[in-house]
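Asks:
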Amino acid sequence: MVYDVIIVGGSYSGISAGLQLARARQKVLVIDAGQRRNRFARTSHGFLGQDGHDPAAIADEARAQLLAYPTVEWLSQSAMQAKAGGDGLVITAENGREFAARRLILATGVVDELPKVPGLAERWGQRVFHCPYCHGYELDSGPIGVLAASPVAIHQALMLPDWGPTTLLLNQAFEPDAEQLEKLAGRGVVIEREPVLSVGGEQADVLLASGRVIKFAGLFTQPLTRIGSPLAAQLGCAFEAGPTGEFLKVDAMRETTVPGVFACGDAAVGAGNVAIAVGDGARTGGAVHQSLIFR
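Numbered by our numbering, the letters in the sequence shown go through residues 1390 to 1684 in order.
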């Protein structure tokens, strides 16, 4: 059997793309290993109609709605290999089975690589975040720390005072220039240059090298990201640099540099947000369906 479309990645963008294709009565296979990027978070925010809901429940409901369409199949496996085959693409799953399709959508997301600070990973998605729009409001205007991992910290530190009094913990990651310092001062951001030893406490207590502790309602940082699957590289898709890592290069129709291979969600958009991922998936699903008709 040759599917019309295989979607690798069954999180928000992949399901959203699949829904457009299912409603166009296309034969779709979703291959998903079950590793949502926001699996560490208890609640999801900023997504219309689902604000404050459990992100796992949102994904589970969306999957059930997608699988109600008779032309959709779901394989709970990792996709291990991809290659061009005939007039389409061939995907090999971890069980060794091969699946062919006329089009491929890479909705693989990204993997976050956090700064190596003890206590940070244990609080990821609960008291340590990367997206103010997703989690800033719930800090209830409490004190906020920005743990610098790169110069992108400037961007976060300038934004976050709208959610609470903000301290930029440079942690020897970089030194702001005079213009940046002026902008930070204009936003009331406090600069802390002392190195960070660890993060502890019930919320986000930062232990500094001198033994001093600063208590925060939450911390924001800038994890490095990498594409969550080797398939794009195997196929020869081009990448482009983003603020935290490489992302898949796509055109206005969400097609990569390899014909017939499309991408959506965090793998193709340098912004991790459920609402953006869902919108990008919907856009990509429609574009893929039209590509099956008009060329």
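Beta carbons: idealized from backbone N, C-alpha and C, even for Gly.
(1) I need the DSSP call for Tyr1458, collapsed to helix, strand or coil.
(2) Using the rule of at least 16 other Cβ atoms within 10 Å of the residue's Cβ for burial, across every protein chain shown, is Arg1486 buried or exposed?
(3) Per DSSP, Gly1477 is paired with what?
(4) Quick test of your reading: Leu1384 and Pro1584, contact by CB under 8 Å. State the CB separation rounded to the nearest angstrom.
(5) Using C-beta distances below 6 Å, list every residue in its chain close to Lys1371, excluding the 5 sequence neighbours before and after it, in chain order.
(6) Quick check: what's the CA-CA separation for Thr1610 versus Ala1538?
(7) Phe1683 bridges to which residues according to DSSP?
(8) Whose CA, out of Gly1534, Ala1656, Ala1562, lies closest to the CA of Val1578?
(9) With a threshold of 8 Å, are at least 3 pairs of Cβ atoms found where one atom belongs to the region 1560-1569 and the other to the region 1538-1548?
(10) On the criterion of 16 or more Cβ atoms from any shown chain inside 10 Å, does Phe1683 qualify as buried, or is it exposed?
(11) Just verifying my parser: in three-state terms, what is the DSSP assignment at Lys1572?
(12) Could you give the residue range of the alpha helix (DSSP H) that holds Arg1412?
(13) Is Thr1673 helix, strand or coil by DSSP?
(14) Taking the alpha-carbon of Glu1450 as reference, which of Ser1400, Asn1427, Gly1661 has the nearest alpha-carbon?
(15) Mapping the DSSP letters down to three states, classify Arg1452 as helix, strand or coil.
(16) I'd like the span of the alpha helix (DSSP H) that includes Ala1622, first residue to last.
(17) Between Ile1580 and the rest of its own chain, which residues show a CB-CB distance below 8 Å, the 5 nearest in sequence each way excluded?
(18) Assign Met1390 to one of three DSSP states: helix, strand, or coil.
(19) Of all the alpha helix (DSSP H) runs that stay within the bounds of the region 1491-1531, which reach a length of 4 or more residues?
Replies: According to the structure data:
(1) Coil.
(2) Arg1486 should be labelled exposed.
(3) Gly1477 is bridged to Gly1474.
(4) Since the first and last residues shown for the chain are 1390 and 1684, residue 1384 lies out of range.
(5) This structure leaves residue 1371 out entirely; the chain is present only between 1390 and 1684.
(6) If I take the Cα positions, the gap works out to 7 Å.
(7) The secondary-structure analysis by DSSP pairs Phe1683 with nothing; it has no beta-bridge partner.
(8) The candidate whose alpha carbon is nearest that of Val1578 is Gly1534.
(9) Contact between the region 1560-1569 and the region 1538-1548 is present, because at least three Cβ pairs lie under 8 Å.
(10) Of the residues assessed, Phe1683 falls on the exposed side of the cut-off, its CB having fewer than 16 other CB atoms within 10 angstroms.
(11) In the structure shown, Lys1572 falls within a helical segment according to DSSP collapsed to helix, strand and coil.
(12) For Arg1412, the uninterrupted alpha helix (DSSP H) run begins and ends at 1401-1412, by DSSP.
(13) In the structure shown, Thr1673 sits in a helix (DSSP, three-state: H, G or I).
(14) When C-alpha distances from Glu1450 are compared across Ser1400, Asn1427, Gly1661, the shortest belongs to Ser1400.
(15) Three-state DSSP puts Arg1452 in a helix.
(16) DSSP places Ala1622 in the uninterrupted alpha helix (DSSP H) bounded by 1620-1624.
(17) The answer, listed in chain order, is Thr1556, Leu1557, Leu1559, Pro1565, Leu1570, Leu1573.
(18) Note: Met1390 maps to coil in three-state DSSP.
(19) You should have 1521-1524.
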